[in-house]
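K.L.:
Each residue of the sequence shown is one higher than the last, beginning at 1 in full-length UniProt numbering. Where a beta carbon is used, it is the ideal one built from N, C-alpha and C, also for glycine. Note that the coordinates shown come from a computational prediction; the quantities given were computed from them, not determined experimentally. Take a look at this one; I'll ask things after.
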Amino acid sequence: MIKRLFDLVISLILLLILSPVILLTSLVVILDTGFPVFYRGLRVGREGRCFNILKFRSMVVDSRQKGPGITAGSDCRVTGSGRFLRKWKLDEFPQFFNVLRGEMSLVGPRPEDPRYVEYYTEEERKVLSVKPGVTGVSQILFRSEEELLDVDDPEEYYITCIMRQKLRVDLAYAQQQSLFF
């Protein structure tokens, strides 16, 4: 209850403070690549419930049909403005609306694309016992994930290496979750 109240209050404050940046970012996306401004991607949340994550669109329209569900540093689907948005994590700001709707928390494991959750082991599925977050320990540790994925087979490398490492960190968070942590 306290964490939810904290999420609500902080998200509202951040949305108010960031509203000029959000408006400017929307304008940049429109001028660079047109509409839609937002990307809505299916993600798996708490208890395995799916929801649509909201982000500023940083890739070409219909990018999901044009490639894998992960993005490597050299991915040609990323737009000019998208590279800037991703570098500074501005594309993530709309997720504060997901927090307000109760689908996400400010801090927690990142919500995963359903096609990758299929690869979770029984133990790794325990990460779905907590609300996913806008940020978390694994996001800080893997801040440059796109560069790490700049390999011959980024999807395979993500599933076998990066996703496993992130899940270990996220499982530790799920087991020791606290307002401070």
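Between 123, 114, 70, 108, which has its C-alpha nearest residue 52's C-alpha?
P.N.:
When each option's Cα is compared against that of residue 52, the closest is 114.
K.L.:
Report back the beta-carbon spacing between residue 173 and residue 117 to the nearest angstrom; my notes put them in contact at under 8 Å.
P.N.:
Contact doesn't hold; Cβ gap of about 17 Å is too wide.
K.L.:
Kindly identify the DSSP beta-bridge partner or partners of residue 48.
P.N.:
Answer is none; residue 48 lacks a bridge partner.
K.L.:
Could you compute how far the alpha carbon of residue 108 sits from the alpha carbon of residue 33?
P.N.:
About 31 Å.
K.L.:
In terms of residue numbering, what span does the beta strand (DSSP E) encompassing residue 134 cover?
P.N.:
Residue 134 -> beta strand (DSSP E) spans 133–135.
K.L.:
Pairing CB atoms from the region 41–52 with CB atoms from the region 95–106, are three or more of them under 8 Å?
P.N.:
Yes, the region 41–52 touches the region 95–106.
K.L.:
Between which two residues does the beta strand (DSSP E) containing residue 107 stretch?
P.N.:
First-last of the beta strand (DSSP E) with residue 107: 105–107.
K.L.:
Just checking my contact of residue 79 with residue 58 at CB under 8 Å: how many whole Å lie between their CB atoms?
P.N.:
Confirmed, about 6 Å.
K.L.:
Run through DSSP, which three-state label would residue 1 get?
P.N.:
Residue 1: coil per DSSP, three-state reduction.
K.L.:
My output table needs one value for residue 70: the three-state DSSP class, helix, strand or coil.
P.N.:
Residue state, collapsed to three classes: coil.
K.L.:
Can you check whether the CB of residue 73 is closer than 9 Å to the CB of residue 146?
P.N.:
Going by C-beta atoms, residue 146 is nearer than 9 Å to residue 73.
K.L.:
If distances are taken between C-alpha atoms only, which option among 10, 167, 63 comes closest to residue 192?
P.N.:
The chain is shown only over 1 to 181; residue 192 falls outside these bounds and no answer can be derived.
K.L.:
What residues in its chain sit with their C-beta under 8 Å from that of residue 159, if we drop five residues either side in the sequence?
P.N.:
Answer for residue 159: 116, 119, listed in chain order.
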